[in-house]
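Notes follow the structure.
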Amino acid sequence: MINPGAIVIFFGSLAVLAGGLVAFLRSKLAIRMLTIFFVACHIAFTLFCWIHLRETVLDYFTFDPLGVLLLSVLSLLTVTTVFHGFIYVKAESPRRYAIYHSALIALVTAMSGAYLANGMTSVWIFVEGTTLAVAALIYHDRTPLALEATWKYVFVCSLGIALAYIGILFLGFTVGNGQMLNLSFNSMAEIAKQADPLYLKIAFVFVLVGYSTKMGLFPMHTVTVDAHTVAPPPISAFISTTLMNVGFLAIFRVYALFSLTTIAPFMNRVLIFSGLLSLLVSAGYMLKAKHNKRMLAYSSMENMGIVAISLGVGEIGYYAAILHILLHSLTKAGLFYQMGQSYKVMGTYQLDESGNYIKLFPAGAAALLLGLLCITAIPPSGMFISELYMLKAMVIRGDYAYLVITSLLLCFVLYAILTRVLHIVYSQPRNPVQLPDVKVSPWQTVSQFVLFGMVIFICIVQPASLRDIIHEIVQGLPK
Amino acid sequence: MNEFVIIFFAITLIYFSITERFRIYVNLIAIQGVLLFALSFLELEKITLGTLLFVAIETLVFKVIVVPTLLFRIIRKTGEEKVHEKSMPGFYSLLIVSAGLILSILVSFSLKTTPGNLIFFVVSIFAIFTGLFLIISHKKVFAHLVGFLIVENAVLLLSMAIGSQIPMLINIGILLDIFVSVLILGIFVMRVKQHTSELTMLKDD
C-alpha cells in the first residue's frame, strides 16, 4: 500500500523540480516534453486523490470532496490550457517560452495545494504562491497594459491576502492568552463554536474581502477584470476559472466553518449583498463593453456573483453554487480559448473592429455560438439548471425582492452578451481593420466543443456520482 | 514602556499623512521596523525566544535594512522624490488621519478587548486605516507600495495584540509575503517608471 503522504511529497517535489528545470531549459521541445510529463503526473495525482478521498495526509492536506472536485477541473483545464499555450507561445524566444511554462507549472502546483490545504494557514500560503506565479504569466506579452495589469494584480492581491490574514487573526482573539493558535479546519470549527459572534463577523468580512481579490467579487473585482483582459488568452481562460475557484474555495471553507454558529444569517446577507453588487456592476460594464475579452472578464465577475448569491440563499442554492462553479469553469475556459482564436483571425479584440466571423472562421464561430448558449444559461446549457436552482431557492425562502432584482440584472447581462457576440459572428465590422494573414486550424476548436459538450451533457444527464459528491459537499451546511 | 513605544508608532503614522518626500516615507518605514522590534522585545514574556529571533529577523533585518535599501534604490532609479502635486494637501490628510485615529479608538472600545492589549489594538486598526488611506489618496505607485508596507506592519502589530501564539508557519508566510511582494513590486515600479509613474491606462471605455 502506497503511503498517501509520500505521494503528496513526491508530487510536490516533482512539480518544483519540473518548474525549476523548465525555467532553465532553452530547448522548446524539451520544455514541451517536460510540461506534458508534468500534466500527466497531475492527472495521475488527481486520480490518486479520488482513490484516497476523505483522507487527511501530513496534517496539512486533506482530500475532501470539494477540493478534489475542483482539482479535477484544474487537471482537465490544465490539459487544454497547455495545448492552447503551446500554440500561443510557439513563436516566442526560448527564454520567454521557458518562463511561461515554468510559471504555469508553478501556478498549477500552487492552486492544487490551495485546493487540498487542510487549514487557513496553508490555504493562505498557497494563495500567495498563486499570486506570484500568475504575475509572470499576466506580464508575458511585456506591453505597457500588461505591466499595469500585473502591477495592480500583484499589489491588490497582496493587500487582499493581508486583509484575509487580519480576518484569520481575529479568530485568535477567541483563543486564550499565550495559547497556540491552531488554524486547521477541524480546530477552527472548535474555535468558531466558542467564539464571540462579533469577532466571527469581523473575521468573515475580512476573509471575504481579502479572498474576493481572487474570486473577483465586488469590491475587489477591478484587478481580476484587468488581469483577465490583458493576459494571454490561454492564461485568461485558466485564471478566470481555476484561480477564481481558489478564491471561492477559501471563502467557502470559512463559510462552512462559521455556518453552524449564530452568525450564519449575517454571512448569508453579506454574500447576497456582495453577489448582487457584483451582478449590478458587471451588468453595467457589460452593457458598455467595447473590448471582447473585457466583456468576458465581467461575465466571470457576474457568474461569481451568482455563486455568492446561491450560497447566501442556501437550501438548494448550495447545490446550485457548487454546480455553477464547475460549469462556469468549463464554459468560460472554452470562451477565452475561442477569444484567442478570434483575435488571430480578426486581428483585434475591439468590438467595433470585429465582425463577419462566421465567414472568416466558421468552426470558431460555431464554437463561439455554442459557448454563448452555455454562458447565457439557455437550455440545454447546464448553467440553466444551476441558475434555476438558485432562483428556486429564493422562491422557497420567499425572497421575492432578491428574485426580481437578480432576474432583472441577469436580463441585462443576457442582452449585453447576446448583442455583442451576435455582432461579432454575423455583422460587418463598424470600423474595419486590415485582417491578419493567419490561418487557424478548425481542429484547434475541438477542445472548446468538448468543454461546451460537457456543460450541455450535465444539463441533460446529471450523473449520480456528481450529484452525490455535491450533496456530500453541502450536507454539513445549515438547512 | 510599551505605551511609549506604541504611541511613538502612532506618531509615525500621523507623520505619513503630512509628509511629501518619499525619502521620509522610507525613513518612517525603517523607524517603524525598529519600534516593532522594540515592542516584540518588551513582550518577551508573552512570546517564545524562537519567535523573538524570528521577529528580530523580520523587523530589524527586513523592515529596517532590506526593505528600506530596496526602496531607496527605487527612488534613485526612478528619480521620484515627492508625491504627486495634485495629491490631497497635507492639512486635509492630517484631518482625515486624525479622524481615523478617533474612529480606531471608538471601534476598539466597542470590541471587547482586554485592557492589556487595547492600545496595541487601537494602533494596529489605525495603521490599517492609514495604510489604506495612503493607497487611495495618492496617485504614484511608490506611495501605494509604502501604504502596503504600513498595512503589513499593522498585521504584525495586530498579531501581538491577540496575545495567543501564532504558528511559525504563519510568520514564515508573512515574511515571504513582505519580501517577495516588495521585490516584485519594486521591479514593476521601476518598469512602470519607463512609461509613467501612474497607472491609468486600463479603463472601461
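As they're listed, the protein sequences go chains Y and A. Residue numbers for the first sequence follow my numbering, beginning at 3 and rising by one. Residue numbers for the second sequence follow my numbering, beginning at 5 and rising by one. Cβ coordinates follow ideal geometry from the N, Cα and C atoms, glycine included.
The alpha helix (DSSP H) that contains E355 (chain Y), what's its start and end? Taking the first sequence and counting its residues from 1, the one referred to as residue 355 (chain Y) is at position 353. Judged by DSSP secondary structure, E355 (chain Y) falls outside any alpha helix (DSSP H); it is assigned neither H nor E.
Would you decide whether N247 (chain Y) is buried or exposed? Buried here means 16 or more other CB atoms lie within 10 Å of its CB. Along the first sequence, read from residue 1 onward, the residue named residue 247 (chain Y) stands at position 245. Its Cβ being crowded by 16 or more others within 10 Å, N247 (chain Y) is buried.
In angstroms with no decimal places, state the Cα-to-Cα distance between T231 (chain Y) and N5 (chain Y). As a first step, residue 231 (chain Y) is located in the first sequence; it is residue number 229 there, counting from the start. As a first step, residue 5 (chain Y) is located in the first sequence; it is residue number 3 there, counting from the start. When only Cα atoms are considered, T231 (chain Y) and N5 (chain Y) end up about 43 angstroms apart.
Please classify L107 (chain A): is it buried, with 16 or more other beta-carbons within 10 angstroms of its beta-carbon, or exposed? As a working mapping, residue 107 (chain A) is identified with position 103 in the second sequence. Answer is exposed; the Cβ neighbour count stays below 16.
In this structure, how does DSSP classify V59 (chain Y) when only helix, strand and coil are distinguished? The residue you call residue 59 (chain Y) lines up with position 57 of the first sequence. The answer is strand: DSSP assigns V59 (chain Y) an E or B state.
Closest to Q196 (chain Y) by CA distance: which of Y:N305, Y:L353, Y:I265 is it? Position 194 of the first sequence, counted from the first residue, corresponds to residue 196 (chain Y). Minimum Cα-Cα distance from Q196 (chain Y) among the listed residues Y:N305, Y:L353, Y:I265 corresponds to Y:I265.
Would you say F8 (chain A) reaches chain Y, if we count a Cβ-Cβ gap shorter than 8 angstroms as a contact? Taking the first residue of the second sequence as 1, we reach residue 8 (chain A) at position 4. No - not a single Cβ of chain Y is within 8 angstroms of the one on F8 (chain A).
Out of A:L75, A:F41, A:F76, A:L46, which one is the CA nearest neighbour of V65 (chain A)? On the second sequence, position 61 is the one that residue 65 (chain A) refers to. Nearest C-alpha to V65 (chain A): A:F41.
Would you list the one or two residues that DSSP bridges to H293 (chain Y)? Indexing the first sequence from 1 puts residue 293 (chain Y) at position 291. Answer by DSSP bridge pairing, in chain order: Y:Q352.
Of the residues Y:F386, Y:A25, Y:A164, which one's Cα is nearest the Cα of I101 (chain Y)? The residue you call residue 101 (chain Y) lines up with position 99 of the first sequence. The shortest C-alpha separation from I101 (chain Y) is found at Y:A25.
Look at the alpha carbon of L115 (chain A) and the alpha carbon of T215 (chain Y), and state the distance between them as a whole number of angstroms. One-based indexing of the second sequence puts residue 115 (chain A) at position 111. One-based indexing of the first sequence puts residue 215 (chain Y) at position 213. The alpha-carbon atoms of L115 (chain A) and T215 (chain Y) are separated by roughly 27 angstroms.
Taking 8 angstroms as the threshold (beta carbon to beta carbon), is I109 (chain A) in contact with chain Y? Position 105 of the second sequence, counted from the start, is the residue given in the question as residue 109 (chain A). Chain Y, which has no Cβ nearer than 8 angstroms to the Cβ of I109 (chain A), makes this no.
Option nearest V427 (chain Y) by Cα separation, candidates Y:C159, Y:V347, Y:I53: In the first sequence, the residue the question calls residue 427 (chain Y) occupies position 425. It is Y:V347 whose Cα lies nearest to the Cα of V427 (chain Y).
List the residues of chain Y that H148 (chain A) touches, going by C-beta distances under 8 angstroms, in chain order. Translated into the one-based positions of the second sequence, residue 148 (chain A) becomes position 144. Those within 8 angstroms of H148 (chain A) in chain Y are F157.
Leaving aside the five residues before and after T244 (chain Y) along the sequence, list all residues of the same chain whose C-beta is less than 7 angstroms from its C-beta, in chain order. Residue numbering aside, residue 244 (chain Y) sits at position 242 when the first sequence is read from its first letter. Hits under 7 angstroms: V75, L76, L79, M113, S331.
For the candidate residues A:L53, A:S97, A:A131, whose alpha-carbon lies nearest to that of L161 (chain A)? To locate residue 161 (chain A), count along the second sequence from 1; it is residue 157. A check of alpha carbon separations from L161 (chain A) across A:L53, A:S97, A:A131 identifies A:A131 as the nearest.
Find out if the Cβ-Cβ distance for the pair V207 (chain Y), M222 (chain Y) is shorter than 8 angstroms. On the first sequence, residue 207 (chain Y) is found 205 positions in, with the first residue counted as 1. On the first sequence, residue 222 (chain Y) is found 220 positions in, with the first residue counted as 1. With respect to the 8 angstroms criterion, V207 (chain Y) and M222 (chain Y) are not classified as neighbours on the basis of their beta carbons.
Quick test of the definition: if touching needs 3 or more C-beta pairs under 8 angstroms, does the stretch 74 to 84 of chain A touch the stretch 26 to 37 of chain A? With a cut-off of 8 angstroms, the stretch 26 to 37 of chain A and the stretch 74 to 84 of chain A count as touching, because enough Cβ pairs lie within range.
Beta-carbon contacts of I166 (chain A) that lie in its chain and below 8 angstroms, excluding the five residues immediately before and after: Stepping through the second sequence from its first residue, residue 166 (chain A) is reached at position 162. Cβ-Cβ distances below 8 angstroms link I166 (chain A) to N121 in the same chain, with the five nearest sequence neighbours on each side left out; the list follows chain order.
Could you tell me if Q450 (chain Y) is buried or exposed, where buried requires 16 or more neighbouring beta carbons within 10 angstroms of its beta carbon? The count along the first sequence starts at 1 and reaches residue 450 (chain Y) at position 448. By the 10 Å Cβ count, Q450 (chain Y) comes out buried.
Quick check on T82 (chain Y): buried or exposed, where buried means 16 or more other Cβ atoms within 10 Å of its Cβ? To locate residue 82 (chain Y), count along the first sequence from 1; it is residue 80. Label assigned to T82 (chain Y): buried.
Just checking my contact of S388 (chain Y) with H473 (chain Y) at CB under 8 angstroms: how many whole Å lie between their CB atoms? Within the first sequence, residue 388 (chain Y) is the residue found at index 386, counting from 1. Within the first sequence, residue 473 (chain Y) is the residue found at index 471, counting from 1. 14 angstroms between Cβ atoms; not a contact.
Give the DSSP-derived three-state secondary structure of R28 (chain Y) in the structure shown. As a first step, residue 28 (chain Y) is located in the first sequence; it is residue number 26 there, counting from the start. R28 (chain Y): coil per DSSP, three-state reduction.
For Y167 (chain Y), which residues in chain A fall below 7 angstroms Cβ to Cβ? Looking up residue 167 (chain Y) in the first sequence gives position 165. Here the neighbours are V159.
In the structure shown, what three-state DSSP assignment does A197 (chain Y) receive? One-based indexing of the first sequence puts residue 197 (chain Y) at position 195. Coil at A197 (chain Y), not helix or strand.
Cross-strand partners of R469 (chain Y) (DSSP beta bridge): Residue numbering aside, residue 469 (chain Y) sits at position 467 when the first sequence is read from its first letter. For R469 (chain Y), which the question treats as bridged, DSSP gives no partner whatsoever.
Give the DSSP-derived three-state secondary structure of A379 (chain Y) in the structure shown. On the first sequence, position 377 is the one that residue 379 (chain Y) refers to. If DSSP states are grouped into helix, strand and coil, A379 (chain Y) belongs with coil.
Residues near P382 (chain Y) in its chain [Cβ-Cβ closer than 7 angstroms; skip 5 each side]: Within the first sequence, the letter at position 380 stands for residue 382 (chain Y). Its chain contains I458, C461, I462 as the residues whose beta carbon lies nearer than 7 angstroms to that of P382 (chain Y), once the 5 sequence neighbours on both sides are disregarded; these appear in chain order.
Of the listed residues Y:F128, Y:V18, Y:A137, Y:F240, nearest to L149 (chain Y) (C-alpha basis): Residue numbering aside, residue 149 (chain Y) sits at position 147 when the first sequence is read from its first letter. Ranked by Cα distance from L149 (chain Y), the options Y:F128, Y:V18, Y:A137, Y:F240 are led by Y:A137.
Would you call the stretch 107 to 127 of chain Y and the stretch 14 to 21 of chain Y in contact, with 3 or more CB pairs under 8 angstroms? With a cut-off of 8 angstroms, the stretch 14 to 21 of chain Y and the stretch 107 to 127 of chain Y count as touching, because enough Cβ pairs lie within range.
Are the CB atoms of I107 (chain Y) and T37 (chain Y) nearer to each other than 8 angstroms? The residue you call residue 107 (chain Y) lines up with position 105 of the first sequence. The residue you call residue 37 (chain Y) lines up with position 35 of the first sequence. Yes.
Cβ closer than 8 angstroms: which chain A residues qualify as neighbours of A164 (chain Y)? As a position in the first sequence, residue 164 (chain Y) is number 162, starting the count at 1. Neighbours of A164 (chain Y) in chain A, taken as residues at a C-beta separation under 8 angstroms, are given in chain order as F152, V155, E156, V159, D181.
In whole angstroms, what is the alpha-carbon distance linking S312 (chain Y) and I318 (chain Y)? Position 310 of the first sequence, counted from the start, is the residue given in the question as residue 312 (chain Y). Position 316 of the first sequence, counted from the start, is the residue given in the question as residue 318 (chain Y). One Cα belongs to S312 (chain Y), the other to I318 (chain Y), and the distance between them is close to 8 angstroms.
Determine, using beta carbons only, whether S163 (chain A) comes closer than 8 angstroms to chain Y. Within the second sequence, residue 163 (chain A) is the residue found at index 159, counting from 1. Cβ-Cβ to chain Y under 8 angstroms: yes for S163 (chain A).
What residues in the stretch 279 to 293 of chain Y have a beta carbon less than 8 angstroms from any beta carbon of chain A? Within the stretch 279 to 293 of chain Y, the residues whose Cβ lies closer than 8 angstroms to some Cβ of chain A are Y287, K290, A291, K292, listed in chain order.
For I166 (chain A) and chain C, any beta-carbon pair shorter than 8 angstroms? The chain inventory of the structure shown lacks chain C, comprising the protein chains Y and A.
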